[in-house]
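286 is the number of the first residue of the sequence shown in my numbering; add one for each residue after it. Cβ coordinates follow ideal geometry from the N, Cα and C atoms, glycine included. The structure presented is a predicted model; accordingly, all values stated were derived computationally and were not measured. Structure first, then comments.
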Amino acid sequence: MPGNIEIEMLRGAVREHRIHWHQHALERFLERGILRAEVLSAIMQGEVIENYPEDRPYPSCLILNIGEEPVHVVAAVDPEGEIGHIITAYRPDSDHFERDFKTRRPQA
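Okay, here's the thing in structure tokens:
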């Protein structure tokens, strides 16, 4: 799919330790009790549930991983340098997502 993030390239960046942790993401991890290892696991084992091809400077995606607790990770990859960018991570909640944690609820 043109414009969509290439998940295998992102996973390759994780395997090769080519990850840029954005300051915003690190601050949110602390607030939300999310570990870096959990984010990396989500990228390696999770499922892309949304693509954001218009994001800049690189297309990004929303990844869902169901581990001990579900987590959503927003990540992007620089295709030239094959560097993964971790933008944020959070716990999906029932106010915004259906029980599958994939489907967004309509917002009033």
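CA-CA distance, Asp-378 and Ile-371? Here residue 378 refers to the residue found at position 93 when the sequence shown is read from its first residue. Here residue 371 refers to the residue found at position 86 when the sequence shown is read from its first residue. Taking the straight line joining both Cα atoms gives about 20 Å.
Would Met-286 be called buried (16 or more neighbouring beta carbons within 10 Å of its own) or exposed? On the sequence shown, position 1 is the one that residue 286 refers to. Unreliable placement is indicated for Met-286, whose pLDDT of 40 sits below 50; the coordinate value is still reported in the next sentence. Exposed.
Hey, how far is the Cα of Glu-353 from the Cα of Leu-311? Residue mapping note: residue 353 aligns to position 68 of the sequence shown, counting from 1. Residue mapping note: residue 311 aligns to position 26 of the sequence shown, counting from 1. If I take the Cα positions, the gap works out to 20 Å.
Status (buried if at least 16 other CB within 10 Å, exposed otherwise) for Ala-361: One-based indexing of the sequence shown puts residue 361 at position 76. So Ala-361 counts as buried.
Buried or exposed: where does Pro-342 fall if 16 or more other Cβ atoms within 10 Å of its Cβ makes it buried? Locating residue 342 in the sequence shown gives position 57, counting from the first residue. Per the 10 Å Cβ criterion, exposed.
Which class does Gly-297 belong to by DSSP, given the choice of helix, strand or coil? Working through the sequence shown from its first residue, we reach residue 297 at position 12. Helix at Gly-297.
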